[in-house]
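Here our numbering is used: the first residue of the sequence shown is 6, the next is one more, and so on.
To keep things clear, I will list the structure first and then write my remarks on it.
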Amino acid sequence: MPDLHGWVGQQIARIERDLRAVDKEHGRNWTTRWNASSDTFTIYDDNGSAVAADFLPAVAGLAVANDPAAVLRRCAADRKILAEH
């Protein structure tokens with residue numbers, strides 16, 4: 006298991022990867038559903054197709070409430086903060 010710095014970097018990279026894939030391949034009217042077995046959320050597109058899975062609640066909320074570009078900007082800002090520490 007990585008140290009805290011490494012773990013945070015992994016989480017940022019995962020969010021960026023998933024949102025870039027969702028943004029390129031699917032529409033912007035997303036919904037989420039909670040997966041009780043994994044205690045995470047899955048994001049669904051306008052057609053009800055799952056587009057990204059295993060999001061923590063805060064990340065799923067960001068993705069659904071914001072344009073993916075806004076979330077990616079937040080990831081970039083988080084990377085800068087992480088680089089300073």
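Glycine residues also receive a C-beta, built at the ideal position from the N, C-alpha and C atoms.
The model shown is predicted, which means the values in this text are computed figures rather than measured ones.
Check, Outcome
"Helix, strand or coil at ARG55 according to DSSP, with G and I counted as helix", "Inspection of the sequence shows that residue 55 is occupied by Ala rather than by Arg. It is a strand residue."
"Length of the line joining the Cα atoms of TRP39 and CYS80", "23 angstroms"
"Closest residue to ILE48 among SER42, ALA57 and ALA41 (Cα-Cα distance)", "ALA57"
"CB of VAL13 within 7 angstroms of CB of LEU87, strictly", "yes"
"Close beta carbons around ASP23, own chain, < 6 angstroms, minus the five adjacent residues each side", "ALA57"
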